[in-house]
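A.B. asks:
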Amino acid sequence: MSKFIFVTGGVCSSLGKGIVASSVAAILKSAGLKVAIMKLDPYLNVDPGTMSPFQHGEVFVLEDGSETDLDLGHYERFIDAPLSGVCTVTTGRVYSEVLEEERDGKYLGGTIQVVPHITGKIMQKVEQAAKKMGVDVLVVEIGGTVGDIEGEPFIEVIRQMKNKYKDDLVSLHLTLLPYLAASGELKTKPTQLSVRELRRLGIHPDMIFCRADVKIPKALLKKVGYFCDVPPENVIPAETVKSIYEIPLRFEKHNVGGILAEKLNLGALEPDLTKWEEGVAKMTKAKKELTIGLAGKYNELDDAYLSVIEACKSAGFYHDRKVRIEWIDTEKIEAKDEEEMAKLESVAAVVVPGGFGNRGIEGKIAVAKYCRENNKPYLGLCLGSQIMAIEFARNVLGLKDATSEEFDEESKSKNHVIHFIPEQKHIKRKGGTMRLGVYDCKIEPGTLAHKVYGKDLISERHRHRYEFNDDFLSHFDNSDFVISGRHPKSKLVEIVENKAHPYMIAAQFHPELISRPFKPHPLFRDLVGAALSAE
Ligand code: GLN
1492 MSKFIFVTGG
1502 VCSSLGKGIV
1512 ASSVAAILKS
1522 AGLKVAIMKL
1532 DPYLNVDPGT
1542 MSPFQHGEVF
1552 VLEDGSETDL
1562 DLGHYERFID
1572 APLSGVCTVT
1582 TGRVYSEVLE
1592 EERDGKYLGG
1602 TIQVVPHITG
1612 KIMQKVEQAA
1622 KKMGVDVLVV
1632 EIGGTVGDIE
1642 GEPFIEVIRQ
1652 MKNKYKDDLV
1662 SLHLTLLPYL
1672 AASGELKTKP
1682 TQLSVRELRR
1692 LGIHPDMIFC
1702 RADVKIPKAL
1712 LKKVGYFCDV
1722 PPENVIPAET
1732 VKSIYEIPLR
1742 FEKHNVGGIL
1752 AEKLNLGALE
1762 PDLTKWEEGV
1772 AKMTKAKKEL
1782 TIGLAGKYNE
1792 LDDAYLSVIE
1802 ACKSAGFYHD
1812 RKVRIEWIDT
1822 EKIEAKDEEE
1832 MAKLESVAAV
1842 VVPGGFGNRG
1852 IEGKIAVAKY
1862 CRENNKPYLG
1872 LCLGSQIMAI
1882 EFARNVLGLK
1892 DATSEEFDEE
1902 SKSKNHVIHF
1912 IPEQKHIKRK
1922 GGTMRLGVYD
1932 CKIEPGTLAH
1942 KVYGKDLISE
1952 RHRHRYEFND
1962 DFLSHFDNSD
1972 FVISGRHPKS
1982 KLVEIVENKA
1992 HPYMIAAQFH
2002 PELISRPFKP
2012 HPLFRDLVGA
2022 ALSAE
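For the sequence shown, counting from 1, position 196 maps to 1687 in this note's numbering; every step adds exactly one.
1) How would you write the range of the alpha helix (DSSP H) that Arg1650 sits in, first residue to last?
2) If we ignore side chains and look at the alpha-carbon of each, how far apart do Thr1579 and Val1841 end up?
3) Could you tell me the alpha carbon to alpha carbon distance between His1910 and Thr1894, rounded to whole angstroms?
4) What are the start and end residues of the alpha helix (DSSP H) that includes Asn1886?
5) Can you find the residues in the same chain that come closer than 6 Å, C-beta to C-beta, to Gly1642, ignoring five residues on each side of it along the sequence?
6) Do you know offhand how far Gly1845's Cα is from Ala1880's?
7) Which one of Leu1797, Lys1778, Asp1828 has the shortest CA to CA distance from Tyr1809?
8) Between Lys1665 and Val1526, is the Cβ-Cβ spacing less than 9 Å?
9) Answer yes or no: the CB of Gln1872 versus the heavy atoms of the ligand GLN, is any distance below 8 Å?
10) When you compare only the Cα positions, how much space is there between Gly1787 and Ile1856?
11) Return helix, strand or coil for Met1624, following the three-state DSSP convention.
12) So, is Thr1491 buried or exposed, given that buried needs 16 or more other C-beta atoms within 10 angstroms?
13) Quick check: Ile1800 and Thr1821, are their CB atoms within less than 9 Å of each other?
14) Just how far apart, CA to CA, sit Asp1560 and Asn1969?
15) Let me check you understand the geometry: is the CB of Ser1505 closer than 8 Å to at least one non-hydrogen atom of the ligand GLN?
16) Identify, in the order they occur along the chain, each residue of the same chain with its Cβ nearer than 6 Å to the Cβ of Asp1538, setting aside the five sequence neighbours on each side.
17) Measure the CB-CB distance between Leu1874 and Val1843 and report whether it falls below 9 Å.
18) For His2001, which residues from the same chain have a beta carbon less than 8 Å from its beta carbon, with the 5 sequence-adjacent residues on both sides left out?
19) For Asn1849, is the classification buried or exposed, using 16 other Cβ atoms within 10 angstroms of its Cβ as the cut-off for buried?
20) Report the three-state DSSP secondary structure of Asp1560 (helix, strand or coil).
21) Does DSSP put Gly1576 in a helix, a strand or coil?
22) Look up Gln1915 in the DSSP assignment and give the residues it is bridged to.
23) Are Lys2026 and Ala1839 close, meaning C-beta to C-beta below 9 Å?
24) With the cut-off set at 9 Å, would you say Lys1918 and Val1747 are in Cβ contact?
25) Taking 9 Å as the threshold (C-beta atoms), are Val1726 and Ile1699 in contact?
26) How is Arg1812 classed by DSSP in three states: helix, strand or coil?
27) Which residues mark the beginning and the end of the beta strand (DSSP E) in which Tyr1930 is found?
28) Let me check you understand the geometry: is the CB of Tyr1957 closer than 8 Å to at least one non-hydrogen atom of the ligand GLN?
29) Do Gln1915 and the ligand GLN come close, with the Cβ less than 8 Å from some heavy atom?
30) Could you check where the alpha helix (DSSP H) with Arg1691 kicks off and where it finishes?
31) What whole-angstrom Cβ distance do Ile1510 and Ile1735 have, given they're in contact under 8 Å?
32) Where DSSP assigns a beta bridge to Gly1784, which residues make up the other side?
33) Tell me whether Gln1877 is buried or exposed, calling it buried when 16 or more other Cβ atoms sit within 10 Å of its Cβ.
34) Determine the DSSP secondary structure at Arg1863, reduced to helix, strand or coil.
35) Using 8 Å as the cut-off, can you tell me whether the stretch 1960–1979 makes contact with the stretch 1763–1779, which would need three or more C-beta pairs spanning the two stretches below that distance?
36) Taking 9 Å as the threshold (C-beta atoms), are Thr1682 and Val1715 in contact?
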């Protein structure tokens, strides 16, 4: 049977509950336990698939095609294991299922209430997740902040599950110790109040994690313990660090694994964080910068491209370089803004990430043209691969109005080198249109892709509607534009590259989703490699 660790947050949002949940899970995993992490999100959207990355950050896609929020990306990067759609539940999903059951008459005319029906459904989902993932420990992060109206049913679930699972469930609470510059001290009152609120809801935290931007004196941790009725050794400092990947190491210095093992009767644990130590040491060692241009739509919004940025950074560390992201505004490129063009010229490599809709498309095509003509290392991700094909068709093959069906709503062009394919035998599409989740790709021997991956068959995650149009194949034949990977069954195009260029390669999938902090995805690793050889 699985054990449960619940993580709640207090005082304010953005403290990094996801990182605490991930770090705790990473420690347990390093001790040989099987762990998974689940997110319970109090918002009313059924899933984040339709939420704007402007507001909500990137949509992270799992192997099974579930569209989740970026926390699941952190989870996977920390525990280096794929999660499943059962690991993400929102209030919207819970309500829609309960209401559907009500319409089906499953409640036999009974009155449906938040407690017990909504809470019962949430509990069922947590238990199902533990069972499906087959884990020793399921870490469950509750979104939002204790005291939020929407969050109450979730806190109630912890209370009910504590009754049921007793010593097999612990709850961790993350709070903030704000620093008052005038008096030069960190304050504990907001933490006390937050824990008081938690206790009002029937939860007594087993451990408290205190965020602070400055070093927390030991006496203060003791004070938090005293006022919140938690043993002082269970109050863990979570001071701001340079890299989030240092956090498991910091926590382990405070015996987090040992405390959890004792609370949950996990036996004597021996976490082995050697890989983390080595990885963090490598990150700290990298001093020399390398600039990668990110030609996206949500400029300067790190969260909208979180996995892409993480993949670039870890690729940098692999080569002992610290990657700096230069945002390239493709709308400005479209307007031939000289400053923006100068940025493009100055970066060591370019990534054209995924995206939807028309905005900045011509600028992206101009970016691809610049990279092709100037041997600038280029990595296209999903939309970035479609852009690469369109640019080549227009400027090399002479199909002047080549475009994607997506950008040509009025069907003015006959040259849709990228087009829409309805549901077909080997490709399931969500809502009939969106290709989601993992698909195999067979790589052509002798191509750059084959060199990068070093294997014939790979498997990568997708989230897109449009595909390369094979009707135009004869135009691309005998050109430098090579199709180096296809889905073995449907034959859909997965990887394209330019054989006359040192490193111009693009994928219809999202390699950034499976890149890891200490094990960069090969496409990113070799993008940085190519930039370095050009230095
Ligand atoms: N908009 C493109 C499509 O739907 C690309 C999607 C993406 O980059 N994720 O095919």
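Glycine included, every Cβ here is placed at the ideal spot set by N, Cα and C.
C.D. replies: Concretely, from the data shown:
1) 1643–1656
2) 33 Å
3) 9 Å
4) 1874–1886
5) Apart from sequence neighbours up to five positions away, the residues of its chain that approach Gly1642 with a beta-carbon distance below 6 Å are Pro1533, Gly1635, ordered along the chain.
6) 14 Å
7) Comparing Cα positions, the closest option is Lys1778.
8) This sequence places Leu at residue 1665; Lys is not what is there. Not in contact: Leu1665 and Val1526 (Cβ atoms no closer than 9 Å).
9) It should be noted that the sequence gives Leu, not Gln, for residue 1872. Yes, since a heavy atom of the ligand GLN falls inside the 8 Å radius drawn around the Cβ of Leu1872.
10) 12 Å
11) helix
12) A question about residue 1491 goes unanswered here, because the residues of the chain that appear run from 1492 up to 2026.
13) No. Outside cutoff.
14) 42 Å
15) no
16) Closer than 6 Å at the Cβ level, and outside the excluded window around Asp1538, lie Glu1558.
17) yes
18) Val1552, Ser1798, Gly1845, Leu1872, Cys1873, Glu1951, Arg1952, His1953, Arg1954
19) exposed
20) strand
21) helix
22) Ile1918
23) Residue identity differs from the one stated: residue 2026 is Glu in this sequence, not Lys. Yes. Within cutoff.
24) Looking at the sequence itself, residue 1918 is Ile, so the reference to Lys does not match. With respect to the 9 Å criterion, Ile1918 and Val1747 are not classified as neighbours on the basis of their beta carbons.
25) yes
26) coil
27) DSSP places Tyr1930 inside the beta strand (DSSP E), whose first and last residues are 1925–1934.
28) yes
29) no
30) 1680–1691
31) 5 Å
32) Glu1817, Val1841
33) When all chains shown are included, Gln1877 counts as buried.
34) helix
35) With the cut-off at 8 Å, the stretch 1960–1979 and the stretch 1763–1779 do not touch.
36) yes
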